[in-house]
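Q:
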Amino acid sequence: MAELKQTLSKSQAESAALKNSLTDSQNQGAALNEQIAALTAEQTANARALAEAKAGDSNAVTELKQTLSKSQAESAALKNSLTDSQNQGAALNKQIAALTAEQTANVKALAEAKAGDSNVVAELKQALEKSRAELVTLKNSLTDSQNQGAALNRQIAELTAAQTANVKALAEAKAGDSNVVAELKQALEKSRAELVTLKNSLTDSQNQGIALNKQVAELTAEQTANARALVEAKAGDSTAVAELKQAMDKSQNETAKLKQSLNDSQNQVAEQVKQITDLRTSLGDNDKSLADAREMLAKNKTQQDEAQKKLLEATAKLDAQNKQIATLSTTKAGATTPAPVSEEQLRSYALGTLWGQEVRGAMANVQTDGFLLELTQVISGVSDSIKGQYKVPESKLMAELDVMNKKAMERQKSASAKADKSNNFISTFSSKPGTKRADMGYYYRITQKGRGKIAPTDEVAIAVKESLSNGKVIKDMAKSGKLLVLPLANFPPLFNSAISKMNKGSKLIMAVPPELAYGEQGRPPEIPPSSTMVYEITVVDVRPAAGR
Numbered sequence: 001m002a003e004l005k006q007t008l009s010k011s012q013a014e015s016a017a018l019k020n021s022l023t024d025s026q027n028q029g030a031a032l033n034e035q036i037a038a039l040t041a042e043q044t045a046n047a048r049a050l051a052e053a054k055a056g057d058s059n060a061v062t063e064l065k066q067t068l069s070k071s072q073a074e075s076a077a078l079k080n081s082l083t084d085s086q087n088q089g090a091a092l093n094k095q096i097a098a099l100t101a102e103q104t105a106n107v108k109a110l111a112e113a114k115a116g117d118s119n120v121v122a123e124l125k126q127a128l129e130k131s132r133a134e135l136v137t138l139k140n141s142l143t144d145s146q147n148q149g150a151a152l153n154r155q156i157a158e159l160t161a162a163q164t165a166n167v168k169a170l171a172e173a174k175a176g177d178s179n180v181v182a183e184l185k186q187a188l189e190k191s192r193a194e195l196v197t198l199k200n201s202l203t204d205s206q207n208q209g210i211a212l213n214k215q216v217a218e219l220t221a222e223q224t225a226n227a228r229a230l231v232e233a234k235a236g237d238s239t240a241v242a243e244l245k246q247a248m249d250k251s252q253n254e255t256a257k258l259k260q261s262l263n264d265s266q267n268q269v270a271e272q273v274k275q276i277t278d279l280r281t282s283l284g285d286n287d288k289s290l291a292d293a294r295e296m297l298a299k300n301k302t303q304q305d306e307a308q309k310k311l312l313e314a315t316a317k318l319d320a321q322n323k324q325i326a327t328l329s330t331t332k333a334g335a336t337t338p339a340p341v342s343e344e345q346l347r348s349y350a351l352g353t354l355w356g357q358e359v360r361g362a363m364a365n366v367q368t369d370g371f372l373l374e375l376t377q378v379i380s381g382v383s384d385s386i387k388g389q390y391k392v393p394e395s396k397l398m399a400e401l402d403v404m405n406k407k408a409m410e411r412q413k414s415a416s417a418k419a420d421k422s423n424n425f426i427s428t429f430s431s432k433p434g435t436k437r438a439d440m441g442y443y444y445r446i447t448q449k450g451r452g453k454i455a456p457t458d459e460v461a462i463a464v465k466e467s468l469s470n471g472k473v474i475k476d477m478a479k480s481g482k483l484l485v486l487p488l489a490n491f492p493p494l495f496n497s498a499i500s501k502m503n504k505g506s507k508l509i510m511a512v513p514p515e516l517a518y519g520e521q522g523r524p525p526e527i528p529p530s531s532t533m534v535y536e537i538t539v540v541d542v543r544p545a546a547g548r
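1 is the number of the first residue of the sequence shown in the UniProt record's numbering; add one for each residue after it.
What follows is the structure, given as structure tokens:
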């Protein structure tokens, strides 16, 4: 019980000390308010002085304005901090009052506890512990309030120093010479301009130096490479000459061996070529017959069976003659020359076949460029070249080769230009509304829908208008009153694909790239090489196949 009394006395003493500290804190708050009022008055004076200094140096005035704004902001912050401190002080007063009331109750309870009631003593101990905890909280709050007061004092000192500096700067600004300031500004601007010019000049000079260094490095590297190549060329020249001489001697020996064999077979080859020419002429006649048969087939359905019969006959004849040509081509080389037996003969024959393949490939390339060749003259030229005896002066031969080369180059340029035009046309065509791309690679647009689907077995009558991409009409069946009548399955793949997308009475226009039309060769003179074709198809009639 004595310990409780001592503890309670100690708690009361600490409460009294806290009250004194709170009073001191409130006094400090009042002093802070006075200082803030003084600072506010001083700031007002500074603002007035700043307004009077507007005629002075604008830069100094601007800096003073910024400093004044900062000072006012700091003053507002100090006021807020002081308000917080006062609020905390009020809260502490409330807590102290509550604690005092609680201690009074404890004293009363202690008097009652003198009768020896242990339960009351226990409750007093709990109340005392709670009082101690609240006392610790009050101490912490007081410490925080004191720390805030110290921080406010530091801020006031800093603000006072800043205001003193502002006053000094304002006085200096008032005493300054505005003309001198203007001259200094002009000098500074001129100096800055000269500095920019110097920097630009320096940059240009550095860039020129870098470019010159790069050129020097490139020239040095090129000279080094040229010197190395010259040394290598001098070192390898004699060796290359010796190798060329050996190769030439070997080639001349082999050429001498081939001359006799080629001379023996020339007459037979000429005869074989004549036979091939006759067969090709016959093939041309058959092609005409085939075209006539197809045209007859296109006229009407009643003539279709007879036209198909002629078509089959012409096709069979064409196949037979193709086989004859293949047979003659296969057997002509060995008609008079026996098969090689010895190693030397086999070697010679192997070289002959190798060179023959090269000649055949070269002929194909030349014909692709649009030049017609006569096989007999090609063989004669090869023979004369091997013999070293020409029927025509070499200068004339070289001139002809030069002309061919120039024409080939011109055709390549023309083909490239046509390809560009073709691509442009297809690009323009494909960009129009309603245009679609077929899986085969052509572009089409339905211009009239029609009605009724077309079955694969239906017989379809169509009219076709064929044109170049420049608008030149090649063939117009509707204008000539002709129709093409075939079962859908019998149309060529391109037209089969297009008609399958149409209905009876439907109209379609399509742009077809060269590779799906006449290719790189074209069909001179009407259709140039690598031509983009335009087809306008009209489905005039659709009839079910017989038996449906």
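Note that CB positions come from ideal geometry on N, CA and C, so glycine has one too.
What is the DSSP secondary structure of Thr331, counted as helix, strand or coil?
A: Numbered from 1 along the sequence shown, position 331 holds the residue referred to as residue 331. With a pLDDT of only 47 at Thr331, under the threshold of 50, the placement of this residue in the model should not be trusted, and no figure is reported.
Q: Which residue or residues does DSSP assign as beta-bridge partners of Ser467?
A: Here the question's residue 467 lines up with position 467 in the sequence shown. Note: Ser467 sits in a beta bridge opposite Val473 and Val534.
Q: Could you check what DSSP says for Gln521 in three-state terms: helix, strand or coil?
A: As a working mapping, residue 521 is identified with position 521 in the sequence shown. Gln521: coil per DSSP, three-state reduction.
Q: With Pro487 as the anchor, note down where its beta strand (DSSP E) starts and where it stops.
A: On the sequence shown, residue 487 is found 487 positions in, with the first residue counted as 1. From DSSP, the beta strand (DSSP E) with Pro487 extends over Leu484 to Pro487.
Q: Does the Cβ of Pro529 have 16 or more other Cβ atoms within 10 Å, making it buried, or fewer, making it exposed?
A: Indexing the sequence shown from 1 puts residue 529 at position 529. When all chains shown are included, Pro529 counts as buried.
Q: For the putative contact between Ser500 and Ile446, defined by C-beta atoms under 8 Å, what is the C-beta separation to the nearest angstrom?
A: In the sequence shown, counting from the first residue as 1, residue 500 sits at position 500. In the sequence shown, counting from the first residue as 1, residue 446 sits at position 446. Wrong, their Cβ atoms sit about 12 Å apart, outside the cutoff.
Q: By how many angstroms is the C-alpha of Arg543 removed from the C-alpha of Thr457?
A: Within the sequence shown, residue 457 is the residue found at index 457, counting from 1. Within the sequence shown, residue 543 is the residue found at index 543, counting from 1. The alpha-carbon atoms of Thr457 and Arg543 are separated by roughly 9 Å.
Q: Nearest by alpha-carbon distance to Pro525: which of Gly370, Val136 and Met502 is it?
A: For the purposes of this step, residue 525 is taken as residue 525 along the sequence shown, with counting starting at 1. Residue Gly370 is the option with its Cα nearest to Pro525.
Q: Does DSSP put Asp541 in a helix, a strand or coil?
A: As a working mapping, residue 541 is identified with position 541 in the sequence shown. Strand, per DSSP.
Q: For the 8 Å Cβ check, are there 3 or more pairs between the region 431-439 and the region 476-492?
A: no
Q: Would Glu459 and Val485 qualify as a contact pair, given that the criterion is a beta-carbon distance under 8 Å?
A: For the purposes of this step, residue 459 is identified with residue 459 of the sequence shown, where counting begins at 1. For the purposes of this step, residue 485 is identified with residue 485 of the sequence shown, where counting begins at 1. Contact: yes.
Q: Alpha carbons only, please: which of Asn423, Pro340 and Gly452 is nearest the one belonging to Gly505?
A: Against the sequence shown, residue 505 aligns to sequence position 505. Closest by alpha carbon: Gly452.
Q: Across which residues does DSSP place Asn503 in a beta bridge pair?
A: Indexing the sequence shown from 1 puts residue 503 at position 503. According to DSSP, Asn503 bridges with Lys453.
Q: Quick one: measure Cβ to Cβ for Gly450 and Pro513, integer angstroms, because I've assumed they're closer than 8 Å.
A: Locating residue 450 in the sequence shown gives position 450, where the first residue counts as 1. Locating residue 513 in the sequence shown gives position 513, where the first residue counts as 1. Wrong, their Cβ atoms sit about 26 Å apart, outside the cutoff.
Q: Measuring CB to CB, does Phe425 end up less than 8 Å from Ser469?
A: The sequence position of residue 425 within the sequence shown is 425, counting from 1. The sequence position of residue 469 within the sequence shown is 469, counting from 1. Their beta carbons are under 8 Å apart, which means Phe425 touches Ser469 by this criterion.
Q: Exposed or buried, Gln377, counting other C-beta atoms within 10 Å across all chains shown (16 or more means buried)?
A: Taking the sequence shown and counting its residues from 1, the one referred to as residue 377 is at position 377. When all chains shown are included, Gln377 counts as exposed.
Q: Per DSSP, which one or two residues make a beta bridge with Gln448?
A: Along the sequence shown, one-based indexing puts residue 448 at 448. Residue pairing by DSSP places Gln448 opposite Lys507 in a beta bridge.
Q: Taking Ala133 as the reference, give the member of Ile509, Gln95, Glu520 and Asn27 with the closest Cα.
A: Numbered from its first residue, the sequence shown carries residue 133 at position 133. Residue Gln95 is the option with its Cα nearest to Ala133.
Q: For my contact list, Ala517 and Met533 are in at a C-beta cut-off of 8 Å; report their separation, rounded to the angstrom.
A: For the purposes of this step, residue 517 is taken as the residue at position 517 of the sequence shown. For the purposes of this step, residue 533 is taken as the residue at position 533 of the sequence shown. Going by Cβ atoms, the distance from Ala517 to Met533 rounds to 4 Å, so yes, they are a contact pair.
Q: Just verifying my parser: in three-state terms, what is the DSSP assignment at Ala461?
A: Taking the first residue of the sequence shown as position 1, residue 461 is located at position 461. In the structure shown, Ala461 sits in a strand (DSSP, three-state: E or B).
Q: Quick check on Tyr442: does DSSP put it in helix, strand or coil?
A: Locating residue 442 in the sequence shown gives position 442, counting from the first residue. Residue state, collapsed to three classes: coil.
Q: Which residue comes first and which comes last in the alpha helix (DSSP H) that contains Ile386?
A: On the sequence shown, residue 386 is found 386 positions in, with the first residue counted as 1. Element bounds for Ile386: Leu375 to Lys387.
Q: Checking the sheet assignment: what are the DSSP bridge partners for residue 554?
A: In the structure as shown, the chain begins at 1 and stops at 548. Residue 554 is therefore absent and cannot be evaluated.
Q: Expressed to the nearest angstrom, what Euclidean distance is found between the alpha-carbon atoms of Val539 and Asn405?
A: Counted from its first residue, the sequence shown places residue 539 at position 539. Counted from its first residue, the sequence shown places residue 405 at position 405. Those two C-alpha atoms are separated by around 47 Å.
Q: Under the rule that 16 or more other beta-carbon atoms within 10 Å means buried, what is Leu372, buried or exposed?
A: For the purposes of this step, residue 372 is identified with residue 372 of the sequence shown, where counting begins at 1. Residue environment for Leu372: exposed (fewer than 16 other C-beta atoms within 10 angstroms of its C-beta).
Q: According to DSSP, Lys436 sits in a beta bridge with which residue or residues?
A: Against the sequence shown, residue 436 aligns to sequence position 436. Per DSSP, Tyr444.
Q: Looking at Asp384 and Ala461, is the spacing between their C-beta atoms short of 8 Å?
A: For the purposes of this step, residue 461 is taken as the residue at position 461 of the sequence shown. For the purposes of this step, residue 384 is taken as the residue at position 384 of the sequence shown. No, they are not a contact pair.
Q: Using DSSP bridges, identify the partner residues of Val512.
A: Your numbering for residue 512 matches position 512 in the sequence shown. The partner list for Val512 (beta bridge, DSSP) reads Met533.
Q: Here's the rule: buried if 16 or more other CB atoms are within 10 angstroms of the residue's CB, otherwise exposed. What is Leu351?
A: Counting from one through the sequence shown, the residue named residue 351 turns up at place 351. For Leu351, the number of other beta carbons within 10 angstroms of its own is below 16, and it is reported as exposed.
Q: Reducing DSSP to helix, strand and coil, say where Val341 ends up.
A: The sequence position of residue 341 within the sequence shown is 341, counting from 1. Looking at Val341 - three-state DSSP - the assignment turns out to be coil, as it is neither helix nor strand.
Q: Count the other CB atoms within 10 Å of the CB of Ser531; is the residue buried (16 or more) or exposed (fewer)?
A: Here residue 531 refers to the residue found at position 531 when the sequence shown is read from its first residue. Its Cβ being crowded by 16 or more others within 10 Å, Ser531 is buried.
Q: For Met409, is the classification buried or exposed, using 16 other Cβ atoms within 10 angstroms of its Cβ as the cut-off for buried?
A: The sequence position of residue 409 within the sequence shown is 409, counting from 1. The residue in question, Met409, is exposed, as its Cβ has fewer than 16 Cβ neighbours within 10 Å.
Q: Looking at the structure shown, is Asp24 part of a helix, part of a strand, or coil, going by DSSP?
A: On the sequence shown, residue 24 is found 24 positions in, with the first residue counted as 1. Reduced to three states, the DSSP call for Asp24 is helix.
Q: Is Val382 closer than 8 Å to Val359 when the C-beta atoms are compared?
A: Position 359 of the sequence shown holds residue 359. Position 382 of the sequence shown holds residue 382. Cβ atoms of Val359 and Val382: closer than 8 Å.
Q: Label Gln66 either buried or exposed according to how many other C-beta atoms from any shown protein chain fall within 10 Å of its C-beta, with 16 as the threshold for buried.
A: Numbered from 1 along the sequence shown, position 66 holds the residue referred to as residue 66. When all chains shown are included, Gln66 counts as exposed.
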